[in-house]
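For the sequence shown, position 23 (counting from the first letter as 1) is numbered 238 according to our numbering, and the numbering increases by one without interruption. Reviewing the structure listed below.
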Amino acid sequence: MATPLEDIRFLADSENRFTALEALAADPRTRSELRSATGASSATVSRLLGDFEDRGWVARDGNRYALTPLGEYVASAFVDLHDQMTTAGELRELLPWFPLGELDVEVDLDVLTGATVTAATPENPMAPVARVLEIERESSRTSTLANKFPEPCIDARHEAVVGRAQTCELVTTRAVVESVIASACVDEFADIVAADSCTVYVHDGDVPPGGIYDGTAYLIVADDRDVNVGLVESDDPALVDRLAETFEAYRDASTRLTTSALERRRDAVGAET
Numbered sequence: 216m217a218t219p220l221e222d223i224r225f226l227a228d229s230e231n232r233f234t235a236l237e238a239l240a241a242d243p244r245t246r247s248e249l250r251s252a253t254g255a256s257s258a259t260v261s262r263l264l265g266d267f268e269d270r271g272w273v274a275r276d277g278n279r280y281a282l283t284p285l286g287e288y289v290a291s292a293f294v295d296l297h298d299q300m301t302t303a304g305e306l307r308e309l310l311p312w313f314p315l316g317e318l319d320v321e322v323d324l325d326v327l328t329g330a331t332v333t334a335a336t337p338e339n340p341m342a343p344v345a346r347v348l349e350i351e352r353e354s355s356r357t358s359t360l361a362n363k364f365p366e367p368c369i370d371a372r373h374e375a376v377v378g379r380a381q382t383c384e385l386v387t388t389r390a391v392v393e394s395v396i397a398s399a400c401v402d403e404f405a406d407i408v409a410a411d412s413c414t415v416y417v418h419d420g421d422v423p424p425g426g427i428y429d430g431t432a433y434l435i436v437a438d439d440r441d442v443n444v445g446l447v448e449s450d451d452p453a454l455v456d457r458l459a460e461t462f463e464a465y466r467d468a469s470t471r472l473t474t475s476a477l478e479r480r481r482d483a484v485g486a487e488t
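The structure is reproduced here in structure tokens:
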């Protein structure tokens, strides 16, 4: 009888065994279907099915193989472990800069299992920024904490809010508003502020970057140079709820930016220059 560690090693040492177990966890499969799922030869599939049967993990029903209750238990545990290790690998480079503390989010990293991670790489250093622009442009409803609002983000948000009536709540900082007023994008920003579907708030202090779009939480990860190095997205209810609470706290401590207030500030900046 194999020991627990031997069974773990048995699955971990073979991509084919894990893939076959994962496929069987979804539905009973024929040998042909398992060959397609794994890309393995007939001999390899026959061997791994025999090994699964010896362990009591699968049973044959006609020409199909199905997990036994014991097999379902093993598959559930091992697939969960695989998902957790996948998330750990994706987060490894981002965790030193992870903004959970800034966002006042105290969660077990288990809530990030299955999260979508977009990391900057040498080949694509702008990948996180590109994904943020997709979120800003394509979402139907957003609640955003923005410590930056560069021109590409203003363009994307203008397209979504003014062009498609995206429902948007945006909390940003006075420094960001002053920067936008001094930029070539101030008219687009004024359109966003004036839009019926969007409400902009100004916070006196800093705000941590992130928010919620269409029921999914997202966290922007910046390094010690304030360069965006990653984006983490998750629809885990615990994280979504905590991000919603964090957003509401910053929003409630902010002042709504009206069209008239923005125009007065533009006029003041114009007079100063």
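Ideal placement from N, C-alpha and C gives every residue a C-beta, glycine not left out.
Gly445 is a Cβ neighbour of Pro343, given a cutoff of 7 angstroms.
Contact annotation, Val417 with Arg372: C-beta distance approximately 16 angstroms; criterion of less than 8 angstroms not satisfied. Buried is the label assigned to Val408, since at least 16 other Cβ atoms lie within 10 Å of its Cβ.
Residue range 443-449 is occupied by the beta strand (DSSP E) that includes Val444. Here Thr333 is bridged, per DSSP, to Leu446. Collapsing the DSSP output to three states places Cys400 in coil. The bridge partners DSSP lists for Asp276 are Arg279. Rounded to the nearest whole angstrom, the CA to CA distance from Gln381 to Ser354 is 7 angstroms.
Judged by DSSP in its simplified three-state form, Gly430 adopts coil rather than helix or strand. With respect to Asn278, Thr245 sits close: the two C-beta atoms are nearer than 7 angstroms. A direct Cα-to-Cα measurement between Asp456 and Tyr428 gives close to 12 angstroms.
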